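What follows is a short report on a single structure.
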Amino acid sequence: MEFPILNLRDHPALIAPAAAWFHQKWDVPQAEYRQSMEDCLRRRAPVPQWYVILDGDHIIAGLGVIENDFHSRKDLSPNLCALYVEEPYRRLGLAGALLERARGDLARQGITPVYLVTEHTSFYERYGWEFLCMVREDDGAGMLRLYRH
């Protein structure tokens with residue numbers, strides 16, 4: 076079964092459900108997601124961007140591109156963020172497809188490298204991401220692994 080990747084810029088009717096879905100997954104205020112998603116419509120710039128994958132009317136995976144994903148290295152931008160795939164849809168290549176789509180869209184606009192932060196230690200390497208350094212979370216709570224592609 077094939078699941079197309081939708082850029083919210085091309086599907087603005089999905090902004091409200093996408094903001095609610097990302098909020099449910101990551102506990103970042105829904106209003107912050109919605110603001111970023113609306114900015115991607117207004118600014119028509121490469122950043123921010125938001126992508127979702129649907130199965131019927133249900134969001135099953137998603138990812139964003141923002142300037143900084145709440146870490147101390149503001150100079151390392153843009154950042155892929157909020158990657159999530161619903162459990163029943165894992166191991167189908169959706170995460171890799173989202174990563175490649177977002178990275179490819181940015182590369183076509185001359186934006187490289189791209190960064191992301193995570194607590195995972197081996198997941199992103201299989202998609203060609205390289206560990207760069209540890210970075211402090213904005214709230215000072217801890218350190219995260221920062222990757223570059």
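Take the sequence shown: its position 64, counting from 1, is numbered 139 in the working numbering, and each next residue is one higher. All C-beta atoms in this analysis are idealised placements derived from N, C-alpha and C, irrespective of residue type, glycine included. Keep in mind that this is a model prediction, so the values were computed, not measured.
Euclidean distance between Cα positions of residue i and residue j
i           : j           : result
residue 220 : residue 135 : 25 Å
residue 125 : residue 210 : 24 Å
residue 110 : residue 175 : 24 Å
residue 183 : residue 163 : 32 Å
residue 177 : residue 140 : 7 Å
residue 223 : residue 215 : 22 Å
residue 78  : residue 104 : 27 Å
residue 145 : residue 193 : 11 Å
residue 107 : residue 213 : 16 Å
Spatial neighbours of residue i in its chain, beta-carbon cut-off 7 Å, leaving aside the 5 residues before and after
i           : result
residue 143 : 149, 152 and 154
Own chain partners of residue i with C-beta closer than 6 Å, once the 5 adjacent residues on each side are dropped
i           : result
residue 237 : Residue 237 is absent from the model: the chain starts at 76 and stops at 224.
residue 186 : 121
Among the options, the one whose alpha carbon lies nearest that of residue i
i           : options              : result
residue 82  : 99, 116 and 168      : 116
residue 207 : 217, 194, 190 and 99 : 190
residue 198 : 212, 181 and 168     : 168
Neighbourhood of residue i by C-beta distance below 8 Å, restricted to the same chain and skipping five residues each side
i           : result
residue 159 : 97, 100, 101, 136, 137 and 138
residue 113 : 90
**OP:** Check whether the stretch 115-133 touches the stretch 202-209, taking contact to mean three or more Cβ pairs, one atom from each stretch, closer than 8 Å.
**Re:** no
Original post:
Going along the chain, which unbroken runs of the beta strand (DSSP E) with 3 or more residues stay wholly within the stretch 123-158?
Top reply: List check, beta strand (DSSP E) in window: 124-130 and 133-141.
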